[in-house]
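Residue numbers (the working numbering), protein chains in the order written: chain A, 1 to 608; chain B, 1 to 376.
Here you go:
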């Protein structure tokens, strides 16, 4: 029909279609976030790509014979294919292999440990669950290096590493651990695995907790053996969560810096992140190529993850129907198993806290007698006169500490609010439009900041801010933190929404309840604890973040972590330990308060 | 039309920023002749916050005292060299305190950092400490050993550190993680130090060194020294660890000023050069190394005169106080004496490997490649 096909009509029809498309909240949300994320994540990526080809001021000029700012392929050739002095092997290939070994092993440890504990807590009648559940997330709340430092001070001895002092194991119990146990591959992978095990616990536990037990019960009625049930029903259901854990832990371990420096240096065990940091000083082009390699690996796993969660193998676990979970009876194994777990958790989660407390009250290192102890570093006055070093007052009487604490809390709260809310919205959009190209894009882009090492991410945002006059100070810190921690919130948002069956919203849609009301009255209340953990994870991470903010803070006294770094640079160990403990305690108090007020906590976590 | 407009806008912005850079350069040149009072007057006419960054944590104390003295606001950050350069290129900083002279040279040549020598201290600072960059102070990393037990490594010749018996007993920070450490190794390959290392070898072994495949004797010492070294993660940790009761037989090469930390058991440590000076022998051919900390004005400074006033302040006794109160920091201002109990700068200059930015920037490519192969 000629009249229908006229351009005017077509325009009206297209306009109508666009309007109809935009009137669906999920579409509007996805479009908005697609634009935002393209700017906020692609910009860093493009900057980074350009850095790989650019000659930088200093050594790179003399190495290439070119002027700073010119483009070159030299960095690639040098990093990947320089045989002289075994350059490529030492600087790239061996560290790459080490990184892979560490990241895969730590991911497996995290999944095995976190998954097992999650299973024991959600699906068995194990004792002391409450303790296990709340303490299990401690290692994540503490900066990862604290566990590394603890491992070293606990197991070091005069036969290995620096060969200078004995840790608790050697001096108290006379047990001299071998070198491989204290330094190098094994402890690095183990410490990172333990540090990130809460991811597995949160993700896998979330699924297990909410899983409808009908399938398992049916199998039990059919007299299927327990192992078969575990391998054919339970494991396939938690497989997406296991893969998500693998992705998170792998990417985090790959860019972890402090742990490999603490536990790798004495035995000359290098990974990509340690080499990357060294190369940043003078040979930035090669350092950025390393960042690129890390991102590529992360992206590959992300794709794999996407494939699994994007396929029909995803399970909706929260429906409008009722369901119940059957708990396995552990019988006689119950108490011993629970006790072993409790002791293990006390060792990795509680003892380090006591160590910090102890180190913050002793005057001379290594002397733990009462006469050597003082609360001066916490509440003392006129310290400079008596100690000839450090600040003049203890940290609790120091206004600088309080203002840094206030700033850190404010920053963490804003980042958590922005990232958390964005995460819920992204989750809603992605889940409701699941399978569409836009949904996949937003899902992938919102995870992207996770794959970029913090230091590089901070540096790029700093350079971005130099082109935008109003972007600086608190605003820049908040933007950087919100984008960097969006992945936590978007993961939790997407997982929570994917678990929700569409039917939950349907009745309200049919009766014409507006979208914001459906979100506030139906969706949020059902998945409240998961959503709230989408706020808590960015909050916790932000409170203890250093490398992301180190370049952007106006002064070293602005936030607690840079202040802590400054104290350790000065060698004021006691002040440093006190501030570290303060950070951990503040985070624990927030987690506890939120938990008491709302029932949500980090351990309820991402995905359920 | 729109394209043309945006092109014009970009051009305008670029020329404005270039003009600003040129202005700071002119200001710094003009300020060379200003008296203290004139400098104060100009600085007070500027507005806004003074932003300073330094590879030394004590810059915060100096900045606080300076802010109180002139009633202005100062923001200070403690960053590593590489972070300072990163920040310099994308953020406003007025002045920096920075190490690694070799890298610094490149930034001076590019006009990113500008040298300013206050007229009030010009006569008090040695000429070679005034160019290409003003040295604020010198810092030394020394051979310091644990003095307990039967196997005290009281070395008198650095070749003793290459002896297989010393394997695992020497602790140093990884030269890749702090460039001043790398610079020290690069300096050892210079003709001047090769000559001294040769003489020291002969004094130690009674024969000429067999160089094998090594390019010169500096490379030989580096390779054999690194073979024996264990890397500690920071100078603070190294100081703490070497000072432990159980650390008999070990020796560290670390910053002398770390001895100020209460977590270091100083009674258990002996500074090799202190022992040599006391007993009257010479540590062949060096007792450690020394590098400058420079003070520079940033080309994108918003308060260039205040930045220069701060540099002038740092060069005074009062401004140097945060560093001068402990051993291991030596003012380039010759009127400021070393801390009581320490040795004077002149003695250190004679006994330590001094950083030569020009030699290092010309030779570091080869040496650094060689060094990285011996870090594994």
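By construction, the Cβ of each residue, glycine as well, lies at the ideal position given by its N, Cα and C atoms. Just so it is clear, the structure is predicted and the values come from calculations on it, not from any experiment.
- Assigned with DSSP and collapsed to three states, residue 284 of chain B falls in strand.
- Per DSSP, the continuous alpha helix (DSSP H) segment holding residue 129 of chain A begins and ends at 129-135.
- In the displayed model, residue 273 of chain B falls within a helix according to three-state DSSP.
- Contact between the region 19-31 of chain A and the region 253-264 of chain A is absent: fewer than 3 CB-CB pairs across the two stretches fall below 8 angstroms.
- Among the CB atoms of chain A, one or more fall inside 8 angstroms of the CB of residue 265 of chain B.
- Taking 8 angstroms as the cut-off, the Cβ atoms of residue 544 of chain A and residue 583 of chain A count as close.
- Less than 8 angstroms separates the beta-carbon of residue 302 of chain A from that of residue 447 of chain A.
- Every beta strand (DSSP E) of 3 residues or more that sits fully in the region 328-375 of chain B is shown, in chain order, as 329-331.
- Listed along the chain, the chain A residues whose CB falls inside 8 angstroms of the CB of residue 107 of chain B are 57 and 58.
- Under the 10 Å beta carbon count, residue 235 of chain B is surrounded by 16 or more other beta carbons and is classified as buried.
- For the pair residue 359 of chain A and residue 148 of chain A, the CB atoms are not nearer than the 8 angstroms cut-off.
- In the pairwise beta carbon analysis, the region 546-562 of chain A is classified as not touching the region 38-47 of chain B: fewer than three pairs are separated by under 8 angstroms.
- Boundaries for residue 144 of chain B: no alpha helix (DSSP H) harbours it, while the beta strand (DSSP E) harbouring it runs 135-146, taken from the DSSP string.
- When A:433, A:106, A:524 and A:119 are compared, the shortest CA-CA separation from residue 210 of chain A is found for A:119.
- Judged by beta-carbon spacing, residue 455 of chain A lies beyond the 8 angstroms limit of residue 371 of chain A, meaning their Cβ atoms are not closer than that value.
- By the 16-neighbour rule on beta-carbons within 10 angstroms, residue 118 of chain B is buried.
- DSSP places residue 119 of chain A in the uninterrupted alpha helix (DSSP H) bounded by 94-123.
- Within chain A, the residues placing a beta-carbon under 7 angstroms from that of residue 91 of chain B are 462 and 466, ordered along the chain.
- Contact check between the region 270-286 of chain B and the region 78-89 of chain B: fewer than three CB pairs, one atom from each, fall below 8 angstroms, which does not count as touching.
- Interface annotation, residue 408 of chain A: not in contact with chain B, CB-CB separation never under 8 angstroms.
- Among the residues facing chain A, residue 137 of chain B is not included, as its CB has no counterpart in that chain under 8 angstroms away.
- What residue 152 of chain B touches in chain A, judged by beta-carbon distance under 9 angstroms, is nothing: the nearest beta carbon there is about 14 angstroms away.
- When CB distances to chain B are screened at a threshold of 7 angstroms, the residues of the region 256-287 of chain A falling below it are 261, 262, 265, 266, 268, 278, 280, 281 and 282, in chain order.
- At a cut-off of 8 angstroms between C-beta atoms, residue 99 of chain B does not count as an interface residue with respect to chain A.
- For residue 41 of chain A against residue 453 of chain A, the beta-carbon gap comes to about 14 angstroms, at or over 8 angstroms, which does not count as contact.
- For residue 355 of chain B, the nearest beta carbon of chain A is not closer than 8 angstroms to its own beta carbon.
- For residue 524 of chain A, same chain residues with a beta-carbon under 8 angstroms away, outside a window of 5 residues either side, are 424 and 531 in chain order.
- Rounded to whole angstroms, the separation of the alpha carbons of residue 183 of chain B and residue 105 of chain B is 14 angstroms.
- Chain-order list of chain A residues neighbouring residue 364 of chain B: 59, 62 and 282, by C-beta distance under 9 angstroms.
- Between residue 129 of chain B and residue 121 of chain B, the CB-CB gap reaches or exceeds 8 angstroms.
- Across the structure, residue 221 of chain A and residue 229 of chain A are spaced so that their CA atoms are roughly 11 angstroms apart.
- Neighbourhood of residue 573 of chain A in chain B, by CB distance below 9 angstroms: 236, 240, 261, 262 and 263, in chain order.
- DSSP, read as helix, strand or coil, puts residue 295 of chain B in strand.
- Residue 360 of chain B has its alpha-carbon roughly 34 angstroms from the corresponding atom of residue 152 of chain B.
- Taken atom to atom, the span from the alpha-carbon of residue 94 of chain A to that of residue 278 of chain A is near 15 angstroms.
- Judged by their CB atoms, residue 200 of chain A and residue 299 of chain A are not nearer to each other than the 8 angstroms cut-off.
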